[in-house]
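Under numbering that gives the first Met the number 0, the first residue of the sequence shown is numbered 0, with each subsequent residue one higher.
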Amino acid sequence: MRNASATIIAGSLITLMWVGSANAQARPDARNLTCEQAKQLVNSRGGVVLTTGPRTYERFVSDIRYCLHNEVLRREWAPTKDSNACQIGYRCSPRTRQNQ
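Spelled out as structure tokens, the structure:
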């Protein structure tokens, strides 16, 4: 029984350390970039997840190549250092009858 408890505790600690290290790699915050810097970041990476608010984030893409085959592009705006609504890229959105 002690071995099982020790294994569970060790596994939990390893999981917490892994999650903690993943959180340490913070995503870029669009609010700390100028509109032009944010656009360049999306274009250079093709697809990037950016923080857009205190508890929000969004994935932005530069073109349809970064979406799934059943998705379409939608223009996406985000707050940046110099703009409340900068169109920094696109969002992949599920294809529907209305947006084909």
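Note that CB positions come from ideal geometry on N, CA and C, so glycine has one too.
### Task
Please report how far the alpha carbon of S61 lies from the alpha carbon of R44, in whole angstroms.
By 1-based counting over the sequence shown, the position of residue 61 is 62. By 1-based counting over the sequence shown, the position of residue 44 is 45. Approximately 8 Å between the Cα atoms of the pair.
### Query
DSSP on A25, reduced to helix/strand/coil?
The residue you call residue 25 lines up with position 26 of the sequence shown. In the structure shown, A25 sits in coil (DSSP, three-state: anything other than H, G, I, E or B).
### Message
Using 8 Å for Cβ pairs, my map puts P27 next to T50. What's the rounded Cβ distance?
### Response
As a first step, residue 27 is located in the sequence shown; it is residue number 28 there, counting from the start. As a first step, residue 50 is located in the sequence shown; it is residue number 51 there, counting from the start. Their Cβ separation, rounded to whole angstroms, is 7 Å, which keeps P27 and T50 in contact under 8 Å.
### Task
Could you pull out every residue in the same chain whose Cβ sits closer than 8 Å to the Cβ of A84, ignoring the five residues on either side in sequence?
Position 85 of the sequence shown, counted from the first residue, corresponds to residue 84. For A84, where only same-chain residues beyond five positions count, the Cβ hits under 8 Å are W76, A77 and P78.
### Task
Inspect the beta-carbon positions of Y65 and G46 and report whether they are closer than 8 Å.
Here residue 65 refers to the residue found at position 66 when the sequence shown is read from its first residue. Here residue 46 refers to the residue found at position 47 when the sequence shown is read from its first residue. At the C-beta level, Y65 and G46 come within 8 Å of one another.
### Query
Do you know how far the Cα of V41 is from the Cα of T33?
To locate residue 33, count along the sequence shown from 1; it is residue 34. To locate residue 41, count along the sequence shown from 1; it is residue 42. Going by the C-alpha atoms only, they are around 13 Å apart.
### Query
Taking Cβ to Cβ, would you say A25 is nearer than 8 Å to I87?
As a working mapping, residue 25 is identified with position 26 in the sequence shown. As a working mapping, residue 87 is identified with position 88 in the sequence shown. Their beta carbons are not under 8 Å apart, which means A25 does not touch I87 by this criterion.
### Message
Please tell me whether R58 and V71 are closer than 8 Å, where the distance is taken between their beta carbons.
### Response
Along the sequence shown, one-based indexing puts residue 58 at 59. Along the sequence shown, one-based indexing puts residue 71 at 72. Not a contact, by the Cβ cut-off of 8 Å.
### Residue of D81, I63, S82 and K80 minimising C-alpha distance to R90
Indexing the sequence shown from 1 puts residue 90 at position 91. Among D81, I63, S82 and K80, the Cα nearest to that of R90 belongs to I63.
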